[in-house]
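Down below is the structure, laid out as structure tokens.
4 protein chains.
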Amino acid sequence: MMSLLHDVLQLRVRYSETDQMGTFYNSRALEWFECGRTELMRRRLGLSYAGLEAKNIFLPLVEAHLEYAGGARYDDLLAITTTLAAAGRAKLRFDVRIAQQANGKPVVRGYTLHAFTDAAGKPIRPPAWFIEQLHRAAEPASDPLT
Amino acid sequence: MMSLLHDVLQLRVRYSETDQMGTFYNSRALEWFECGRTELMRRRLGLSYAGLEAKNIFLPLVEAHLEYAGGARYDDLLAITTTLAAAGRAKLRFDVRIAQQANGKPVVRGYTLHAFTDAAGKPIRPPAWFIEQLHRAAEPASDPLT
Amino acid sequence: MMSLLHDVLQLRVRYSETDQMGTFYNSRALEWFECGRTELMRRRLGLSYAGLEAKNIFLPLVEAHLEYAGGARYDDLLAITTTLAAAGRAKLRFDVRIAQQANGKPVVRGYTLHAFTDAAGKPIRPPAWFIEQLHRAAEPASDPLT
Amino acid sequence: MMSLLHDVLQLRVRYSETDQMGTFYNSRALEWFECGRTELMRRRLGLSYAGLEAKNIFLPLVEAHLEYAGGARYDDLLAITTTLAAAGRAKLRFDVRIAQQANGKPVVRGYTLHAFTDAAGKPIRPPAWFIEQLHRAAEPASDPLT
């Protein structure tokens, strides 16, 4: 259950993501989590999630958790730090921290837990090449990951 | 190009549909248009759009037009009046008016224009049974449609 | 920490809420949670959340948890069961179960935890009248709520 | 009614923006239009729309038009070309073309028309400094803008 990989993505809050309270609507954070893990997979694993689906490997969410720590307004620049926290035999977990890029103030933190399935939703085992690619990409154990 | 069918759907503005201006975010209107035509098809034509897709008939948008006439706040009850305005050989057009249920104040009006395609996006001709069902369901020409 | 109030809302999956996997996109569940608690407050407490905000009482999310149990396709009719599970001095918690209306198959379960704040986001104590209204509305302790 | 300013923004289709047809859901295009004009204003006019609102100048949509020309799948990289097409006394119009970055294939084209209002939604005249800033930023009339 070692911390395998992490990545930081910058992203601006869209007007469409705000609500009448003046901050982002709560569900948008899950969409930002998705952007974070998409880029982590592309940049750190060298594979696109779109490409995975083309190989009949899907990663539907089975669980999500979010803690809202602070506001984020329209056009604020956010830093989304995603960590591939666990790669078990049948699940992937991404831990996410979102903070204001300007001053590091926390906005949301949480995680998503994913199953491996085929297109029909049937659970599958992650293919060997996928697990190997994860391990090859993983930073050395001595890497002081957050 | 006679006016064929119309239907009114009531719907409340969700908090997630507001933005920091305090009214609904502009793109939500297209989602409400979708709700309007889904219910028109179910109630007036006796067919579900989900069922159409199961028969390999898709109705992707080719054009949309929106005129924003007034605000709508969280929890406001809206009346969505949808009219199946035209059923040509290759296109369907839905005209939509959204107003405040309480006082009739206009919120949005516009239309969507749809092609007939198969699942792959290839244009198809609408099947004869579909056209017949439209005509059977159509109100008499004397019906004072708005 | 007794179970105070519950309510069931029916709602159809919109096309806009699906994704290319053919089921609903994960973040939509948080929007359905919102619909559930809005109606619980209206029907069981006799107050609109819009009205609360007009009195400068806001209930921003501080935490959300979701467990995805099954798919839900476009136009599926869902039953959203919301329970006001806890009304402490400074927090409200809503427990939510979403299931297929047709056959009871579970779709999502989870909760949202809310703080009491003013419009500026400053924590406030829930006003006495609000707490009283909660307790007046609460079902008898013997009610075998889930 | 000369063409004043234009800008190109690149953006990837999010999974949350797809629908069960496998392409983007139609309303997302209006959200991408927003991203395009936000960046045009920042890069070409040197002003943030957030900053405009802070000065009590709002630009609500009064009209939008969209023509859907082709699909765009999850993770496709899009090029959003936004042109500030008209700056009348009381309205702004942004013309938008969205195409696949990889091969230029058209995805959507359309426009949004905006009024000038204050925070309460009351129409206002655009301030002189705003009009001047537009004209200073405008490319020479000889620029062969589309």
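Chains as they are written, first to last, in my numbering: chain E, 935 to 1080; chain H, 935 to 1080; chain L, 935 to 1080; chain Z, 935 to 1080.
Cβ atoms here follow ideal geometry from the backbone N, Cα and C, with glycine treated the same way.
A quick note: this is a predicted structure, and the numbers were derived from the prediction, not measured.
#1: Take the Cβ of Gln954 (chain Z) as the centre, count every other Cβ of all protein chains shown within 10 Å, and call the residue buried at 16 or more, exposed below.
#2: Using only the alpha-carbon positions, how far apart do Lys1025 (chain L) and Ala1062 (chain E) sit?
#3: Using the Cα positions of Val1042 (chain Z) and Leu1011 (chain L), report the straight-line distance between them to the nearest angstrom.
#4: Which runs of the alpha helix (DSSP H) spanning at least 4 residues fall entirely within the segment 1022-1048 of chain Z, listed in chain order?
#5: Under 8 angstroms between C-beta atoms, does Pro1057 (chain E) make it to chain L?
#6: What is the rounded straight-line gap between the Cα of Phe1028 (chain L) and the Cα of Arg971 (chain L)?
#7: Residues in the segment 994-1008 of chain L with C-beta within 8 angstroms of chain E's C-beta atoms, listed in sequence order?
#8: How about Glu951 (chain L) and Arg962 (chain L): are their beta carbons less than 8 angstroms apart?
#9: Counting pairs of beta carbons, one from the segment 985-998 of chain Z and one from the segment 989-1006 of chain H, are three or more of them closer than 8 angstroms?
#10: Output, in sequence order along the chain, the residues in the segment 960-974 of chain L whose CB is closer than 7 angstroms to any CB in chain Z.
#11: Residues of chain L with a CB under 9 angstroms from the CB of Tyr1045 (chain Z): which are they?
#12: If the cut is a Cβ gap below 9 angstroms, which residues of chain E does Arg1027 (chain Z) touch?
#13: Hey, does Lys980 (chain L) have any beta-carbon neighbour from chain Z nearer than 8 angstroms?
#14: Listing by chain order, which chain E residues have their CB less than 8 angstroms from the CB of Phe958 (chain L)?
#15: Do we get a CB-CB distance below 8 angstroms when we pair Thr952 (chain Z) with the residues of chain L?
#16: Starting from Thr972 (chain H), follow its DSSP beta bridges and name the residues at the other end.
#17: Closest by CA to Thr1016 (chain H), which one among H:Glu965, H:Tyr949 and H:Gly985?
#18: With 8 angstroms set as the bound, which would you pick, yes or no: does the beta-carbon of Arg948 (chain H) sit closer than that to a beta-carbon of chain L?
#19: Using C-beta distances below 7 angstroms, list every residue in its chain close to Gln1035 (chain Z), excluding the 5 sequence neighbours before and after it, in chain order.
#20: How is Ala1072 (chain H) classed by DSSP in three states: helix, strand or coil?
#21: Can you tell me whether Arg960 (chain E) is buried or exposed, with buried defined as 16 or more other CB within 10 angstroms of its CB?
#22: Near Thr967 (chain Z), what residues of its chain come up, given a Cβ to Cβ distance below 6 angstroms and the 5 sequence neighbours on each side ignored?
#23: Out of H:Tyr983, H:Ala1020, H:Lys989 and H:Asn1037, state which residue places its alpha-carbon closest to the alpha-carbon of His940 (chain H).
#24: Could you have a look at Leu993 (chain H) and say whether DSSP puts it in helix, strand or coil?
#25: Can you tell me where the alpha helix (DSSP H) holding Leu986 (chain E) begins and where it ends?
#26: Can you grab the Cα-Cα spacing for the pair Ser982 (chain Z) / Arg976 (chain Z), in whole Å?
#27: Beta-carbon within less than 8 angstroms of Glu987 (chain H)'s beta-carbon, same chain only, minus the 5 sequence neighbours each way: which residues are those?
With the structure as the only source:
#1: Here residue 954 (chain Z) is taken as the residue at index 20 of the fourth sequence, counted from 1. Buried.
#2: Here residue 1025 (chain L) is taken as the residue at index 91 of the third sequence, counted from 1. Here residue 1062 (chain E) is taken as the residue at index 128 of the first sequence, counted from 1. Their backbone Cα atoms lie some 46 angstroms apart in a straight line.
#3: Along the fourth sequence, one-based indexing puts residue 1042 (chain Z) at 108. Along the third sequence, one-based indexing puts residue 1011 (chain L) at 77. The straight-line gap from Cα to Cα measures roughly 32 angstroms.
#4: Entirely contained in the segment 1022-1048 of chain Z, not one alpha helix (DSSP H) run reaches 4 residues.
#5: As a working note, residue 1057 (chain E) is residue 123 in the first sequence. Chain L contact via Cβ: absent.
#6: What you label residue 1028 (chain L) is simply residue 94 of the third sequence in a count that begins at 1. What you label residue 971 (chain L) is simply residue 37 of the third sequence in a count that begins at 1. Using only the alpha carbons, I get a separation of about 7 angstroms.
#7: Pro994, Leu995, Val996, Glu997, Ala998, His999, Leu1000, Glu1001, Tyr1002 and Gly1005
#8: Sequence index remark: in the third sequence, residue 951 (chain L) carries index 17 (1-based). Sequence index remark: in the third sequence, residue 962 (chain L) carries index 28 (1-based). A contact, by the Cβ cut-off of 8 angstroms.
#9: Inter-segment contact for the segment 985-998 of chain Z and the segment 989-1006 of chain H is present: three or more beta-carbon pairs are separated by less than 8 angstroms.
#10: Across the segment 960-974 of chain L, CB contacts with chain Z closer than 7 angstroms involve Ser961, in sequence order along the chain.
#11: Residue numbering aside, residue 1045 (chain Z) sits at position 111 when the fourth sequence is read from its first letter. Result: empty, since nearest Cβ-Cβ is about 22 angstroms, beyond 9 angstroms.
#12: Position 93 of the fourth sequence, counted from the start, is the residue given in the question as residue 1027 (chain Z). Here the premise fails: no neighbours, minimum Cβ distance about 18 angstroms.
#13: What you label residue 980 (chain L) is simply residue 46 of the third sequence in a count that begins at 1. Looking at the sequence provided, one finds Gly at residue 980 (chain L) rather than Lys. No, no contact with chain Z.
#14: Position 24 of the third sequence, counted from the first residue, corresponds to residue 958 (chain L). By Cβ distance, chain E contributes nothing, its closest Cβ being about 11 angstroms from Phe958 (chain L), past 8 angstroms.
#15: Within the fourth sequence, residue 952 (chain Z) is the residue found at index 18, counting from 1. So, interface residue.
#16: Within the second sequence, numbered from 1, the residue matching residue 972 (chain H) stands at position 38. Looking at the DSSP assignment, Thr972 (chain H) forms no beta bridge with any residue, so it has no partner.
#17: On the second sequence, position 82 is the one that residue 1016 (chain H) refers to. Comparing Cα positions, the closest option is H:Glu965.
#18: Walking along the second sequence from the start, residue 948 (chain H) turns up at place 14. At a cut-off of 8 angstroms, the C-beta of Arg948 (chain H) has a neighbouring C-beta in chain L.
#19: As a first step, residue 1035 (chain Z) is located in the fourth sequence; it is residue number 101 there, counting from the start. Result list for Gln1035 (chain Z): Gln944, Leu1011, Leu1012 and Ala1013, in chain order.
#20: The residue you call residue 1072 (chain H) lines up with position 138 of the second sequence. Correct three-state label for Ala1072 (chain H): coil.
#21: Here residue 960 (chain E) refers to the residue found at position 26 when the first sequence is read from its first residue. Sequence inspection shows Asn at residue 960 (chain E); the Arg mentioned does not correspond to that position. Buried is the call here.
#22: In the fourth sequence, counting from the first residue as 1, residue 967 (chain Z) sits at position 33. The sequence shown places Phe at residue 967 (chain Z), not Thr. So the list reads Val1030 and Thr1046, once near-sequence residues are dropped.
#23: Numbered from its first residue, the second sequence carries residue 940 (chain H) at position 6. Selected option, being the one with the closest Cα: H:Ala1020.
#24: Numbered from its first residue, the second sequence carries residue 993 (chain H) at position 59. In this structure, Leu993 (chain H) counts as coil in the three-state DSSP scheme.
#25: Along the first sequence, one-based indexing puts residue 986 (chain E) at 52. Per DSSP, Leu986 (chain E) belongs to the alpha helix (DSSP H) from Tyr983 to Ala988.
#26: Against the fourth sequence, residue 982 (chain Z) aligns to sequence position 48. Against the fourth sequence, residue 976 (chain Z) aligns to sequence position 42. Cα-Cα distance, rounded: 5 angstroms.
#27: The residue given as residue 987 (chain H) occupies position 53 in the second sequence. Ala1053, listed in sequence order.
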